[in-house]
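Taking mature numbering (1 follows the signal peptide of the UniProt record, and there is no 0), I'd label the letters of the sequence shown as residues -22 to -1, 1 to 189. A virtual CB, placed ideally from N, CA and C, is assigned to each residue, including glycine. Just below is one structure, and these are the notes that go with it.
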Amino acid sequence: MKFLSCGLLLAILACHLKEVCLSDVCTKWGYACRDNRTVVWCSMQDSRWIETEFLQCGVSFTCDEQNGMCIPAYIVGPRFDCQGEGIFPDPYQCGTYYVCYYTDSRMNKVFARCPKGKYYSVLTNTCSFEEHKFQPSCPRQFTCDYPGQVGIWPRNSNIYYVCALNPDTRNSFLFPKVFRCSENMVFNGTQCVERPQEGCALDTRLNVTDN
């Protein structure tokens, strides 16, 4: 037992002398990801951040900093399901969009394509030359790292998404379920709320009178 204790002390001493435990990823106490597959524990000693390797993830797993554990390294697959009526952006392409509507209590989905040189705009719900100029490379507009992840659609907080896992276990991947709040409402990260009023109300303006 004494031998183990001495070995532990020597390991700690070597760590400090060689600075192999000093961290450049730790910014607060708790779990952090050294890389995609290494979970470390962060602590502060002598006003310096120290990291201790906590868990090494397997090949098909990735580091989850929030929970300090390894989670499956999901891929994102091409799937779109209508979650309500309306016009929705295609999560995977900028020049296409979906029109969702009910007929006889059944949800229908129409895949539509913009004319050449135009992208679908979430600001106007139309195909636009300006949208193509704004982001010609068509960067992905959502992030899905795990099931249940929630995000607000960039540039239009009336639209949000929840990441879901494809139910077919033979072809497992994540995809975003895209939703729209009701008109004049926005998603605040938790729920749809009334859109904030822009400008100031008349009764809050400064009144200036001449003496």
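Closest by C-alpha distance to residue i, when choosing among the options
i, options, result
"Asp123", "Tyr139, Glu108, Pro114 and Phe112", "Tyr139"
"Ile28", "Cys170, Val3, Arg118 and Pro50", "Val3"
"Thr30", "Val17, Phe39, Asp24 and Thr40", "Val17"
"Phe107", "Val171, Ser150, Cys72 and Leu(-1)", "Cys72"
"Asp68", "Cys170, Val171 and Lys155", "Lys155"
"Asn149", "Val54, Leu(-1) and Arg84", "Val54"
"Trp7", "Met22, Ser83, Lys111 and Glu109", "Met22"
"Pro125", "Arg15, Tyr52 and Asp24", "Tyr52"
"Asp13", "Ser83, Gly95, Met85 and Phe39", "Phe39"
"residue 237", "Cys170, Thr74, Asp146 and Ile130", "This structure does not reach residue 237, given that the chain is present from -22 up to 189, and the question cannot be answered."
"Lys94", "Pro174, Asn86 and Lys111", "Lys111"
"Asp24", "Glu43, Asp42, Ser1 and Arg15", "Ser1"
"Lys96", "Val171, Glu109 and Ala90", "Glu109"
Bridge partners - residue i, DSSP secondary structure assignment
i, result
"Gln61", "Paired residues: none, contrary to the question."
"Arg26", "Gln23"
"Gln34", "Thr16"
"Cys41", "Cys48"
"Gly8", "Cys20"
"Val54", "Leu152"
"Pro67", "Tyr75"
Proximity below 9 angstroms, CB of residue i to CB of residue j
i, j, result
"Thr76", "Phe58", "Reading off the sequence shown, one finds Tyr at residue 76, where the question assumed Thr. In contact: Tyr76 and Phe58 (Cβ atoms closer than 9 angstroms)."
"Phe153", "Pro56", "yes"
"Ala10", "Cys(-2)", "no"
"Val100", "Trp131", "yes"
Practice task
Specify whether the segment 126 to 146 and the segment 25 to 42 touch according to this definition: at least 3 beta carbon pairs, one from each stretch, less than 8 angstroms apart.
Solution key: no
Handout entry: Residue ranges of each alpha helix (DSSP H) within the segment 71 to 129, 4 or longer
Key = 107 to 112
Exercise for the section: State whether the segment 63 to 82 contacts the segment 160 to 171, with contact taken as three or more CB pairs (one from each stretch) at a distance under 8 angstroms. Expected result: no
Practice task
Please confirm if the segment 140 to 150 is in contact with the segment 40 to 48, defined as three or more CB-CB distances below 8 angstroms between the two stretches.
Solution key: no
Exercise for the section: Could you name each continuous beta strand (DSSP E) segment of 3 residues or more that falls completely within the segment 133 to 175, going from the start of the chain to the end? Expected result: 137 to 143, 152 to 158, 163 to 165 and 170 to 172
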